[in-house]
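A quick write-up on the structure given underneath.
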Amino acid sequence: MLSKQTEKALQNRSAIREIFEYGMKRGQEIGFENVFDFSLGNPATPAPKKFDETIIKLEQTMDPLKLHGYTDNAGIMEVRDAVAKNLNKRFGTDFEAKSIVMTVGAGGAINTVMKTILDPDDEVIVFAPYFSEYDNYVANFYGKLVKIAPNFPTFQPNLDELKKAINKKTKAVLINTPNNPSGIVYSEESIKGIAEVLREKQKELGQEIYLISDEPYRELLFDGAKHYFVSKYYENTFICYSFSKSLSLPGERIGYIAIPKTMADWEKVALAIKTSTRILGFVNAPALMQMAVKECIDEQSDLEYYAKNRQILLDGLTKCGFTCAKPEGAFYLFLKSPIADDVEFCEHAKKYDLMLVNGSSFGCPGYVRLAYCVATDKIERSMEKFALLAKEYGLQ
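See the structure below:
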């Protein structure tokens, strides 16, 4: 017999995966070139050449017992040291090797943090729109996800609502910038505002409130947008990172947690994070991937490819009459549904073999997410379909 929690999870399947699976089935029927699938955030550019060369070099030169063996639960010390130095150089921080715990991607990082800090019924606050898996991550540890609607049309966090939402059960606030699904980058004013609210509430309630910054899209920025490194603004911050997007390695599951020295009892927290990595069954992040990313830590995927796709899609949809939030980062675009029911709109878009994900699944009804990490020519060819869809809703 399945657990009640698992039964609930089965009833709440990922809208992203359902659309993706439908698109795959449709592609087998009419040809994949005729399906315009904007559902899945899977990088569309290959990993940097240096990464492949590094893998080959490691396989040819390293002792295989060391290369493929267990590592410290927190990761290989020289890898952690390289990550700390890279962050310090880029963001003016003060991390050291023991501040870093290597993880099985950002998802593994967030679950490890949740395991470390949550007791049953503790609350984690998120700002909509938010990555839909956050519901499951919090539920894994019997916590409660508290959702706050954003300020429209900027999609910046609503700080007034944040103040109202925090109470004795609040253990953390989880943010994601650049944001999936909107592509919006939180402003420095927003980051400072969140920090001020949390400091005020910590003092008022007499307890730590953690800020968890989920940053897999940190390097994917456009038009001069800037990422404001969150731990420089708020002391009790966990930085959760993945190389999935910056190096186009989503299937390799490699990332890290950075714990700043400003965090209360930071060394004890770092030890607890390391322990949670072990008892969750991750044991350690993949050893080969740890060594490979150490050598490629300054490499990056082809940002220009995404920038080009973004502009073609944004210009094309606007021309069709749709209203879009201009994305400043990541590889997603948030389109306002022409009808209130975004689920119905996405279902109707299938008529034109357009695979879109409803905003309701991201806690933001009335909008639709498009992932533009797809072939450029497919975006260009999709515009004819979007024009037909727009015409049905009187947008043209």
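Position 19 of the sequence shown, counting from 1, maps to 18 under numbering that gives the first Met the number 0, and the rest follow consecutively.
Glycine is no exception: its CB is placed at the ideal position from the N, C-alpha and C atoms.
Cβ pair residue i, residue j closer than 8 Å
i: Tyr209; j: Ala171; result: yes
i: Val292; j: Leu246; result: yes
i: Tyr304; j: Thr44; result: yes
i: Val78; j: Gln289; result: yes
i: Phe237; j: Ser212; result: yes
i: Ala108; j: Tyr255; result: yes
i: Thr322; j: Lys335; result: yes
i: Pro396; j: Glu251; result: With the chain running from 0 to 395 in the structure shown, residue 396 is simply not present.
i: Pro259; j: Thr92; result: yes
i: Val123; j: Gly142; result: yes
i: Thr60; j: Thr276; result: no
i: Leu313; j: Phe385; result: no
i: Asn72; j: Val373; result: no
i: Tyr185; j: Pro149; result: no
i: Ser360; j: Ser181; result: no
i: Ile147; j: Glu160; result: yes
i: Thr53; j: Glu294; result: yes
i: Pro47; j: Ser230; result: no
i: Leu287; j: Leu57; result: yes
i: Ala263; j: Glu207; result: yes
i: Val40; j: Asn179; result: Correcting the residue identity first, residue 40 is Gly in this sequence and not Val. Cβ atoms of Gly40 and Asn179: closer than 8 Å.
Collapsed DSSP secondary structure at residue i in the structure displayed
i: Leu57; result: helix
i: Asn283; result: coil
i: Gln206; result: coil
i: Ala370; result: strand
i: Met354; result: strand
i: Tyr331; result: strand
i: Phe37; result: coil
i: Ile338; result: coil
i: Val172; result: strand
i: Cys323; result: strand
i: Asp80; result: helix
i: His399; result: Outside the shown range of the chain (0 to 395) lies residue 399, about which nothing can therefore be said.
i: Val184; result: coil
i: Gln4; result: helix
i: Asp71; result: coil
i: Thr44; result: coil
i: Pro63; result: helix
i: Gln299; result: coil
i: Asn179; result: coil
i: Gln27; result: helix
i: Gln395; result: coil
i: Gly365; result: coil
i: Ser13; result: coil
Inter-residue CB distance, residue i and residue j (contact presumed, cutoff 8 Å)
i: Phe90; j: Glu298; result: That belief does not hold up - the Cβ atoms of Phe90 and Glu298 are roughly 18 Å apart, past 8 Å.
i: Tyr366; j: Pro128; result: 7 Å
i: Leu394; j: Leu369; result: Leu394 to Leu369, Cβ: 16 Å. No contact.
i: Tyr371; j: Phe330; result: 5 Å
i: Thr115; j: Ile296; result: Not a contact, Cβ separation roughly 25 Å.
i: Phe154; j: Ala324; result: 6 Å
i: Leu353; j: Phe35; result: 5 Å
i: Ala389; j: Gly328; result: With 8 Å as the limit, Ala389 and Gly328 do not qualify as a contact, their Cβ atoms being about 26 Å apart.
i: Gln4; j: Ala138; result: 7 Å
i: Tyr232; j: Ala257; result: With a Cβ gap of about 14 Å, Tyr232 and Ala257 do not count as contacting.
i: Glu187; j: Tyr136; result: With 8 Å as the limit, Glu187 and Tyr136 do not qualify as a contact, their Cβ atoms being about 27 Å apart.
i: Ile311; j: Ile253; result: The pair is not a contact, with the Cβ atoms about 31 Å apart (cut-off 8 Å).
Residue i, buried or exposed, once every other Cβ within 10 Å from all chains shown has been counted against 16
i: Ile29; result: exposed
i: Asn33; result: exposed
i: Phe151; result: exposed
i: Ser98; result: buried
i: Leu1; result: exposed
i: Arg380; result: exposed
i: Lys244; result: buried
i: Phe31; result: exposed
i: Arg309; result: buried
i: Glu234; result: buried
i: Arg217; result: buried
i: Ile183; result: buried
i: Thr169; result: buried
i: Asp341; result: buried
i: Gly192; result: buried
i: Gly68; result: exposed
i: Ala83; result: buried
Beta strand (DSSP E) segments (min. 3 residues) lying fully within the segment 186-271
209-213, 236-241, 254-257
Sequence ranges, alpha helix (DSSP H) only - wholly within the segment 87-169, length at least 4
Positions of the alpha helix (DSSP H) runs, each at least 4 residues long and wholly inside the segment 87-169, are given as 104-116, 133-138, 158-164 in order along the chain.
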